[in-house]
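In the working numbering, the protein residues as written are 21 to 675. By construction, the Cβ of each residue, glycine as well, lies at the ideal position given by its N, Cα and C atoms.
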């Protein structure tokens with residue numbers, strides 16, 4: 021008994037499914053419930069038939085839906101929807117083995133479609149070539165033409181806004197490569213399918229199908245490791261899809277893989293679960309056929325010929341019921357070998373004879389279908405040639421109109437370009453004026469900041485060298501006087517308190533002078549100056565400042581370092597004075613010419629909405645320094661949730 025017919029037939033079954041517009045399904049169902057005879061209703065019936073298997077629409081309901089779509093389309097004279105309904109009908113005929121009738125119906129649909137504006141019907145043209153390929157695929161005599169049809173369907177689908185249609189076409193191309201036994205091409209196609217699925221709008225159905233097809237491709241190529249990986253990815257998506265068909269497919273995948281690995285009991289258990297799902301959800305009889313045949317073959321390999329015979333007999337009866345000569349032939353072949361193993365040689369010969377008869381019958385039918393196909397293709401080519409001649413005649417008549425229309429457009433374009441050129445010059449002049457104004461403001465800000473820093477530096481020196489020296493001298497004199505004076509205990513305490521206050525005043529004066537122009541900033545650079553400043557705050561024990569400095573090893577321009585220092589200083593001061601915070605985070609990071617400053621606190625926060633319009637002196641001072649560096653500042657804060665300030669600017673390299 022050969023399993024290959026089963027594998028090919030099974031691949032064919034799930035190649036046909038796959039189109040779905042998940043977000044529209046409920047809308048389409050709602051439209052048909054309105055029971056109207058309009059284009060929207062016809063379209064809804066057609067798409068629901070096309071996507072039915074994925075979304076649990078019973079197989080037995082689709083015939084009535086196709087008839088309804090045809091009835092509405094003919095009543096309202098909508099050729100596009102009539103064509104679509106005929107393509108759905110052709111797909112169903114093909115599934116029932118009526119290939120010649122299916123091909124004739126599909127070409128009739130294309131003839132009707134050609135009478136519409138085909139430039140707007142890339143989606144239906146893609147469906148046509150997909151349908152044509154699905155009719156040719158199971159016949160086996162047109163493998164290259166099947167592949168060509170699917171590739172054309174795929175190309176057309178990419179021009180549409182139907183990602184599921186593209187997914188269906190990718191799947192079909194893979195099956196064509198599988199029939200041609202070109203497994204490397206099948207794997208490459210599924211890699212492209214998976215890339216498309218991952219880049220398409222988020223939809224688990226497309227991704228699930230891509231994973232399943234990838235698993236099938238690797239399984240065909242004998243790569244069980246990769247096959248198992250992709251089948252597992254496919255199964256992970258099933259709970260959110262809630263698709264009975266895909267759940268059935270997952271159990272059949274498992275049964276097939278377990279059978280090939282020789283785990284026959286587990287394979288049979290998964291196949292039985294698949295049958296239960298197919299029965300409970302009224303799936304296509306062809307789905308059940310695939311599973312029953314798989315069960316029969318699995319028990320045959322496990323030498324359980326009694327059970328194998330039972331399932332092959334069920335396959336035989338279902339195949340006869342739906343008119344599938346191929347599956348009747350497969351079942352007869354299996355029954356012949358099983359009866360032989362059981363010693364029932366007379367029955368074995370009868371089944372073998374039936375298999376040979378069916379094989380000849382199918383071969384003759386396919387020959388007849390091939391001839392019909394060639395005849396239909398010739399007629400279609402003739403009609404297309406006539407259509408092209410008519411289009412050429414219409415094209416010649418329209419050439420003069422196009423020339424006149426083109427001349428008018430050219431004149432209008434010249435006038436428009438002249439106006440745009442004038443407008444562009446005006447805009448460029450205004451832009452240049454705005455740039456000069458910005459440069460002027462930047463120079464003014466630069467001069468103001470430089471003046472402020474120079475004044476700070478002067479005042480810091482005056483405080484340190486002048487007032488600081490005087491206070492130190494007074495401290496020395498008072499200390500000397502203390503040794504020469506005889507004071508009462510009470511006066512001694514007061515005198516010592518005065519000396520202590522003088523020490524605190526000298527320390528405060530030095531701290532102020534240091535903050536106005538820190539010596540570390542000039543000598544050791546920005547990182548050390550910021551670290552000293554934060555350490556000083558930590559030493560006061562009013563709050564904890566955590567720091568992180570990266571990329572500041574190389575010195576920057578002195579003015580830039582001072583400006584960055586002042587920004588951080590002002591932001592930290594705000595957190596100390598206004599935020600009532602216990603922790604502050606300070607980060608300054610430099611990478612090439614990019615400099616980022618982050619200051620965050622866990623304080624009381626504030627409503628940061630419209631902070632740029634709040635003309636507080638502190639914020640405006642910080643913002644002016646940020647603009648001086650050509651940067652931007654963002655504040656995120658809410659009452660009770662702390663404050664985060666982020667500054668990003670571009671600096672010139674100086675080290």
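A straight line joining the alpha-carbon of residue 584 with that of residue 541 spans about 11 Å. Sixteen is the threshold: when 16 or more other Cβ atoms of the shown chains lie within 10 Å of the Cβ of residue 621, as they do, the residue is buried.
Between the stretch 198-205 and the stretch 213-221 there are fewer than three inter-stretch CB-CB distances shorter than 8 Å, so the stretches are not counted as touching. Residue pairing from DSSP places residue 570 in a beta bridge opposite 609. The beta-bridge partner set that DSSP reports for residue 438 is empty. Annotated as distal: residue 667 and residue 650, with beta-carbon spacing of 9 Å or more.
Residue 190 and residue 415 have their C-alpha atoms some 36 Å from each other.
When the five nearest sequence neighbours on each side are left out, the beta carbons in the same chain lying within less than 6 Å of the beta carbon of residue 85 are those of 65, 69, in order along the chain. Assigned with DSSP and collapsed to three states, residue 621 falls in strand. In this structure, the alpha-carbon of residue 218 lies about 31 Å from that of residue 279. The three-state reading of DSSP puts residue 653 in strand, counting E and B together.
Counting the other CB atoms within 10 Å of its CB gives residue 100 a total of 16 or more, which places it among the buried residues. Here residue 574 is exposed: its Cβ has fewer than 16 other Cβ atoms, across all protein chains shown, within 10 Å.
Taking a C-beta distance under 9 Å as the contact criterion, residue 607 and residue 553 do not qualify as a contact pair.
DSSP links residue 616 through a beta bridge to 609, 668. Within 10 angstroms of the beta-carbon of residue 245 lie fewer than 16 other beta-carbons, which makes it exposed. Of the residues 618, 145, 594, 54, the one whose Cα lies closest to the Cα of residue 636 is 594. In the three-state scheme derived from DSSP, where H, G and I count as helix and E and B as strand, residue 290 is classed as helix. It is roughly 9 Å from the alpha-carbon of residue 195 to the alpha-carbon of residue 237.
Spatial neighbours of residue 646 in its own chain (CB-CB distance under 8 Å, excluding positions within 5 residues in sequence) are listed in chain order as 587, 652, 653, 667, 669. DSSP, reduced to helix, strand and coil, places residue 232 within a helical segment of the structure shown. Within its own chain, the residues whose Cβ lies closer than 6 Å to the Cβ of residue 352, once the five positions on either side in sequence are excluded, are 371, 374, 375, listed in chain order. The DSSP-derived three-state label of residue 516 is helix.
In the DSSP assignment, residue 77 falls outside any alpha helix (DSSP H), carrying neither H nor E. By the neighbour-count criterion, in which a residue is buried when 16 or more other Cβ atoms sit within 10 angstroms of its Cβ, residue 305 is buried. DSSP, reduced to helix, strand and coil, places residue 564 within a strand of the structure shown. The shortest CA-to-CA distance from residue 338 to any of 307, 600, 105, 324 is the one to 307. One Cα belongs to residue 436, the other to residue 448, and the distance between them is close to 18 Å. Per the Cβ contact rule, the stretch 356-363 is in contact with the stretch 317-335 (3 or more Cβ pairs under 8 Å). DSSP, read as helix, strand or coil, puts residue 136 in coil.
Exposure of residue 516 is indicated by the presence of fewer than 16 other C-beta atoms within 10 angstroms of its C-beta. With a contact defined as Cβ atoms closer than 8 Å, residue 572 and residue 546 qualify at about 6 Å.
Judged by beta-carbon spacing, residue 151 lies beyond the 9 Å limit of residue 93, meaning their Cβ atoms are not closer than that value. Annotation: residue 104 to residue 177 spans about 15 Å, alpha carbon to alpha carbon.
Within the stretch 253-329, not a single complete beta strand (DSSP E) segment reaches 3 residues in length.
If you look at residue 112, you'll find it in the alpha helix (DSSP H) that goes 99-115.
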